[in-house]
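Scroll down for the structure; my scribbles are underneath it.
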Amino acid sequence: MENTVRLYTETRDVIRLGLCTVSERCRLDPYGRKSVVFYGAGDVAEIAYVSLQSTDLTLVGVVDDVRDGRFFGMPIHRADMLTAGRVAEEPYSQVVVTSVRYADKIRTSLEARDVPHTQISYLQAGIAPWGTKERASRVVGD
Numbered sequence: 011m012e013n014t015v016r017l018y019t020e021t022r023d024v025i026r027l028g029l030c031t032v033s034e035r036c037r038l039d040p041y042g043r044k045s046v047v048f049y050g051a052g053d054v055a056e057i058a059y060v061s062l063q064s065t066d067l068t069l070v071g072v073v074d075d076v077r078d079g080r081f082f083g084m085p086i087h088r089a090d091m092l093t094a095g096r097v098a099e100e101p102y103s104q105v106v107v108t109s110v111r112y113a114d115k116i117r118t119s120l121e122a123r124d125v126p127h128t129q130i131s132y133l134q135a136g137i138a139p140w141g142t143k144e145r146a147s148r149v150v151g152d
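Next up, the structure:
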């Protein structure tokens, strides 16, 4: 159990740092907010939501290709509700991809919806894929 708590804490900390990078890239929306949409409503998104609370970012929507229902009180939208700059009529500044496993599929979906690469951040948490032992949270903008 102690290892699980330590892994969660480390992952939360690196995701928080990644979200700070998203904040630096994020433009203000028409309401003066740094508004983001999470694409992916799994475990990484849950940790990102907790981490988001200590940033100046505002979560305005959640999109998932499989899950429905609610995510911390917000409705989870289907991908067809996402367009360049809006999710279900709500403006946003950045889409934060909060799935590691389905990041490539999500990228394809975002491209099909004409979401500009400048509005997409890929938040990847866990063991660094390049073979190091360090934990990593990478925010990659195209």
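If you count the sequence shown from 1, position 16 lands on 26 in this note's numbering, and the numbers rise without skipping. We treat Cβ as the ideally placed atom computed from N, Cα and C, and that holds for glycine. As the structure is a computational prediction, the values presented were derived from the model and not from experiment.
When beta bridges are read from the DSSP output, H87 appears opposite V73. With fewer than 16 other beta carbons inside 10 angstroms of its own, A94 counts as exposed.
Annotated three-state conformation of Y132 is strand, per DSSP. Under the three-state reduction of DSSP, R80 is assigned to strand. Nearest in C-alpha terms to I57, of all of I25, S45 and L67, is I25. In the three-state reduction of the DSSP assignment, V110 falls in the coil class, being assigned neither a helical nor a strand state. Per DSSP, the unbroken beta strand (DSSP E) holding S45 starts and ends at K44 to Y49.
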